[in-house]
Structure formats: C-alpha cells, structure tokens
Amino acid sequence: MENNNEDQKIVSTTSEEDVVIYRGARAMPFIIGMETLDRIGTSGISSNLMVYLTTVFNMKNVIATVLINIFNGTIYVTPLFGGFLSDSYFGRYNTIAFASLSSLIGMTIVMLTAAISQLHPEQHHQPTDWQLAFLLTGLFFLVIASGGFRPCLLPFGADQFNPGTESGKKAISSFFNWYYFTLCIALIISLTLIIYVQSNLSWAIGYAIPSCLMFIACILFFSGSKMYVKVKPQGSPLTSVAQVFVAAIKKRKLKLPTSQNSMFSSLFDYVPVHNMKSKLSNTNQFRFLDKASIITTEDGINSDGSAMNPWRLCSIQQVEEVKCIIRVIPIWLSSIIYHLATVQQQQTYTILQALQSDRQLGNGSSFMVPAASYGIFTYFSPLIWIPIYDQILVPVLRKYTRKKDGLTLLQRMAIGMVIAILTMLVSALVERHRRHLALTRPTLGISPKGGEISSMSAFWLIPQLMLAGLAEAFNSIAQIQFYYQQFPENMRSIGTSIFFCGMAGSSYLNGFLVSIVHHVTSRSSSSGDRDWLPEDLNKGRLDYFFYSIACLGFVNFVYFLVCANWYRYKGGGGGGGGL
Numbered sequence: 001m002e003n004n005n006e007d008q009k010i011v012s013t014t015s016e017e018d019v020v021i022y023r024g025a026r027a028m029p030f031i032i033g034m035e036t037l038d039r040i041g042t043s044g045i046s047s048n049l050m051v052y053l054t055t056v057f058n059m060k061n062v063i064a065t066v067l068i069n070i071f072n073g074t075i076y077v078t079p080l081f082g083g084f085l086s087d088s089y090f091g092r093y094n095t096i097a098f099a100s101l102s103s104l105i106g107m108t109i110v111m112l113t114a115a116i117s118q119l120h121p122e123q124h125h126q127p128t129d130w131q132l133a134f135l136l137t138g139l140f141f142l143v144i145a146s147g148g149f150r151p152c153l154l155p156f157g158a159d160q161f162n163p164g165t166e167s168g169k170k171a172i173s174s175f176f177n178w179y180y181f182t183l184c185i186a187l188i189i190s191l192t193l194i195i196y197v198q199s200n201l202s203w204a205i206g207y208a209i210p211s212c213l214m215f216i217a218c219i220l221f222f223s224g225s226k227m228y229v230k231v232k233p234q235g236s237p238l239t240s241v242a243q244v245f246v247a248a249i250k251k252r253k254l255k256l257p258t259s260q261n262s263m264f265s266s267l268f269d270y271v272p273v274h275n276m277k278s279k280l281s282n283t284n285q286f287r288f289l290d291k292a293s294i295i296t297t298e299d300g301i302n303s304d305g306s307a308m309n310p311w312r313l314c315s316i317q318q319v320e321e322v323k324c325i326i327r328v329i330p331i332w333l334s335s336i337i338y339h340l341a342t343v344q345q346q347q348t349y350t351i352l353q354a355l356q357s358d359r360q361l362g363n364g365s366s367f368m369v370p371a372a373s374y375g376i377f378t379y380f381s382p383l384i385w386i387p388i389y390d391q392i393l394v395p396v397l398r399k400y401t402r403k404k405d406g407l408t409l410l411q412r413m414a415i416g417m418v419i420a421i422l423t424m425l426v427s428a429l430v431e432r433h434r435r436h437l438a439l440t441r442p443t444l445g446i447s448p449k450g451g452e453i454s455s456m457s458a459f460w461l462i463p464q465l466m467l468a469g470l471a472e473a474f475n476s477i478a479q480i481q482f483y484y485q486q487f488p489e490n491m492r493s494i495g496t497s498i499f500f501c502g503m504a505g506s507s508y509l510n511g512f513l514v515s516i517v518h519h520v521t522s523r524s525s526s527s528g529d530r531d532w533l534p535e536d537l538n539k540g541r542l543d544y545f546f547y548s549i550a551c552l553g554f555v556n557f558v559y560f561l562v563c564a565n566w567y568r569y570k571g572g573g574g575g576g577g578g579l
C-alpha cells in the first residue's frame, strides 16, 4: 500500500472538538490484524461447514446445501442493518467492538457442538431438535457478528486516512486492494491448517483454534483504540432520503425552473456551515426529484439559511445524494447473479466434486487432501494478481487512461463478470470429465456420501477455482470500492453493506435454484436417475447445472453493460460517465 505522508498531520476544522489526527499507517496493523484473525477463525468454521453438516450432523447434500445458502444469505443480509445502526447511532468503532464479542461467543458455541458428544448426533442418526437448535444458536451469533464486521471494517480502515489530500486518496484506493490481499492470506491459512486439523485430527480442536484466534483478535483491536479516528454518527441518513421523496411528491405538479420559466428563482442550494461532505452539483438524471428543491412562497427559510420544513423543501445536496443511491441500485442488482459462479458454487458443489474425486496428494500416497482445502486455490489468484496490478499495471495504465486507478471501477467489474462466465464453463467441462471417468473406469472406493470416487485427480478443480479467484480480484474489490465512493459520506457503512446484500441475494437465489432444479429434474423419471443434483454426483448432471449458471451470467453481463453505460459517477469522479 502506498505510504500516506499525510496520515499523521492534524486536520483542523471549525473548532477544537473537530480536530482530527490521521494515523493511517500506524492504525492499520491493529485493524488489519484483527480482521485477519477474525477471517481465519470465521472461515475455519464456515468453509468446512458443508462437510461438518453432512458427516457429523448426517444431513443430506441438498438439505445441507440449502441450509448453508440460508446461513450465508443471512450473514450477508445483516450487514445492511449493521451499517444502518452504525451510521445512525453507534458509530463504526462501537459496532465493530460489539461484533467482535458476538463472534467469539458464536465460535465457542459451534466448537462445543463438536467437543461434547451429547451436542451432535450419533453416527448414521439424524440430529435431535435441541442438538440442531444449539448449533443454530452458534451460527446465529456469527450472523450477528457479520452484521457488524462486514459493513464497518473497510470504511473504518479508510477513515484512518486523510481524504482531503492527494496522498490520502491514493492510500485509500490502495488500501482496498491490500485489504483483500491480507484477507486472501487469512483464508489460505484457514483452508489448509485449520481444515486439515478438522478433517484429519479432531473437529473439536479444529473449531477450538478459531475461538482462540478470535479472542486474540479482540485483544488486538481494543489495544489500538486510542489512536483510531472515530467518525461520529450523524443520525439516521435515511431520514434525509425520505424527506426528498416526500417533498418531491408534494411538489410533483410544479414545473422545474428553466431559463424560460422564471416562476421560481432557483433551486434550494443550501449547505450547512459545518458540512463535512463533498459538495454535489445538480445533475440531469432523475429530474423529478429536483422538484423537492423548488423554493415557493410557502417555504420558510431560517436565519442560518436552512429550511423551516425539511419535509417540504430539500437542498440540492440532499437530492443529489438520493440520486447517488438510486443510480447504484441497477449496478448492484447485477452482482446477485455474478456471485452465483464465483462464491456459491465454490462453497458447495465444488466441495462435493472434490469428495468424489481422487484427493490423494500423489500416486500411492496415503495423505488425503481435505475437500474444503481445495478452496485455497481461489485465493492464489488474488495473491498473485493484486501486487502486479497495484504496483505495476496501475502506474502504466494511468499514462494511457488518465485514470488514477488505471481502469474505472465499472471496467474492472465487467472484466470480472466475463471471467466468472468462463469459470462456470470450465467447471462444467471438468465435472463432465470427472463423471465420465467415474462411470467408465475403476473407481477408488466410496465417498462419505455413498457415491463412487472418480479416478480424476481433484487437482483438476484448480483451474475453475483460480478463475473464480481472478474474477473476485477484478469484480469484488471494485464493487466494494465503488459502493464506498458512490454512496454519500454519511452512509458509507450502509454502502459497504450493499456489497454483502448482493451476496445474500445470490445465496438465496442459489438455494432456490438448487431446490427447483433438484425437484423438477428428479420428477422427470420415476427412478430419479435423471436428477441433475442427486446425493451421488455420478448419477446426476451437475455439468448441466453449471452450464445454466453460465447462461444466466451471460444475460446478466449484457444487462450490466447497459446499466454501466447509463451510469454517471458521483461528482464526475471515477471517469465521468459509463464504462
């Protein structure tokens, strides 16, 4: 990450209470360290959850897949509420503090389900209601923790740099890349060491390690409390959004002022004296909202220039902030289908593919690579790509594109979508090859779920996993930075949470698609042997399912191009308009 020479300068505003000292470089070890340890722990529990549910809790593949999709979806929905509470009432620091304690409790409960025999079912038995309830309680606390961590950690880290200087802006942009870089390292550690302990030594020890790491993470985060920049919440930002819509509706019959129409002198261009947000100019999109800023004889103005009735008269700044939010929504909708390829399949059916493939480390080797550990290859691509892009390509691209980040955020997102489509096509071809070998050649035994193990090496899954990681390196990083920059400053936690809401929608959609495809295809034959997604993948057509996801991805990509060309960046930043 670029060194920010301004991060220790004192930035004075209008009073001594508003003096801010930015210590970006000094604060980063505490924030990144806490996030890294938390992600190692959280991933250590969630990444192998498919295997835990199907082997220890004896659930069927489809049921476990749907449960994981619901769990992941809920994890990605709660950041929206956490972001709102953070921006409105508690602030990012307090929200992160609460989330860290909730995460520690959740990890401890899940660990107990593995450590105490009475808290999980006996072999070949279904879990009792109270065993399942205890497990879900632990997952519930992890969901609550996600609601605090995900929308706040990235904006909180960016808050530590001075956005008013050029070096600070570059440091923030670089921070997003390196944040994801350290996240990949954390996930690789989790998907190798922790999952190995879970799969080969003990589930209890494998789940105890994340709990201990989370305890250390809490200590690390609270140790840096005195040096953090803690942005105070400014009340519910959604109130201002509601005021714009109410005022626009009340004045819907009025005509906007033009050079030919002097019915009203001008739009209400009020800016508070202590305003810390960037000034937004009036834009031509969503002009009907501009009616909220029309000044009439019925609108009173206070002595400080503010509106007496903010539910009838709103400033241009308020209106433009609402426009920023509306413009983002079509772009956000495209992320739901995008994540089907890069996240949902890699966390569910790719693991099941690995379970029915040859997982020996080498010919004749007795060591079996845990199925969930193959997920580490998803994070190798970002580890390789991010330093190359951030340190080598960006400076070169700046000379040709004249963009500070080399490529616009929407261009990076588009590239990620193309790679995601390619990921599904490769996944389908690999699955077809795996299934063909399982049906035509001698197999290597029976998988934990009863299907025969294909002689295809599970390392054939590496290309699709690395492509998924490369897609994430382009699209997901750009998405997070896009929402952070394009949302109003007082809604940045909410803006970041929008990214996870897209993943939530994707998770729910994937669960729905799995259920529908399983239900429809299994009914096509009374014997059920035409089911695309059976317990034994060798009897199904998972490759057809992957092709279907690729087709959805292509339609989604066309939709994204239309939305991206229509989009206008906030304040003309990031490249003006469109791709």
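Numbering (UniProt numbering), first residue to last: 1 to 579. By construction, the Cβ of each residue, glycine as well, lies at the ideal position given by its N, Cα and C atoms.
Within 10 angstroms of its Cβ, does residue i collect 16 or more other Cβ (buried), or is it exposed?
i	result
L201	exposed
M413	buried
V62	buried
I172	buried
Y207	buried
W203	buried
L352	buried
V231	buried
L407	buried
P395	exposed
W460	buried
Comparing C-alpha positions only, which one of the options sits nearest to residue i?
i	options	result
C324	G495, L422 and G305	G495
V426	Q346, I301, A473 and T408	Q346
T42	G300, A471, I209 and G91	I209
A25	V514, V229 and K255	V229
G505	I21, Y52, T55 and L80	L80
P272	F288, R287, M227 and Q318	Q318
I337	L513, D390 and Q243	L513
G362	N556, S455, K226 and S515	S455
C218	L191, E298, Q285 and S102	S102
G553	G416, K570, S457 and I498	G416
I205	G33, I116, I326 and F546	I116
D299	L340, R287 and K250	K250
F71	D304, T348 and P310	T348
H433	H518, R398 and D543	D543
I185	D304, I40 and V51	I40
I386	F474, I21 and N69	F474
V110	R312, S366, Q198 and F499	Q198
Apart from the five residues just before and just after residue i, which ones in its own chain have a Cβ nearer than 7 Å to its Cβ?
i	result
F30	L220, F221, S223 and G224
L119	L112, T113, Q131 and F134
F264	Bear in mind that a pLDDT of 44 at F264, under 50, signals an unreliable position, so the number given afterwards is only what the model happens to contain. Closer than 7 Å at Cβ, skipping near neighbours: P257, I294, I295 and T296.
So residue i and residue j are supposed to be a Cβ contact under 8 Å. How far apart are they, rounded?
i	j	result
N177	I477	6 Å
I392	L470	Not a contact, Cβ separation roughly 16 Å.
T182	T36	5 Å
D390	S174	6 Å
residue 640	N556	The structure shown has nothing for residue 640, since the chain only spans 1 to 579.
Using DSSP with H/G/I as helix, E/B as strand and the rest coil, what is residue i?
i	result
M263	Residue placement at M263 is flagged as unreliable, the pLDDT there being 43, under the threshold of 50; a coordinate-derived value is accordingly withheld.
E452	strand
R568	strand
D358	strand
S86	helix
I295	coil
S497	helix
M107	helix
M214	helix
I116	coil
S281	coil
S522	helix
M308	coil
S366	coil
S47	coil
Apart from the five residues on each side of it in sequence, which residues of its chain come closer than 6 Å, Cβ to Cβ, to residue i?
i	result
A550	I421, M424 and L425
S527	Its pLDDT being 47, under 50, S527 is placed unreliably in this model, and the coordinates cannot settle the point.
P237	D87, N490 and M491
I105	F141
F482	L409
F268	S293, I295, L313 and S315
Near residue i, which residues of its chain fall below 8 Å by C-beta distance, leaving aside the five closest residues on each side in sequence?
i	result
M466	F377, T378, F380 and S381
D358	L444, I453, S454, S455, M456, S457 and A458
A564	I331, L410, M413, A414, G578 and L579
Please indicate yes or no: does the CB of residue i lie closer than 7 Å to some heavy atom of the ligand ADP?
i	result
L333	Questions concerning the ligand ADP fall outside what the structure shown contains, since it holds no ligand whatsoever.
Using beta carbons (cut-off 8 Å, strictly below), is residue i in contact with chain B?
i	result
I189	The question asks about chain B, but that chain is absent: this structure has only one protein chain.
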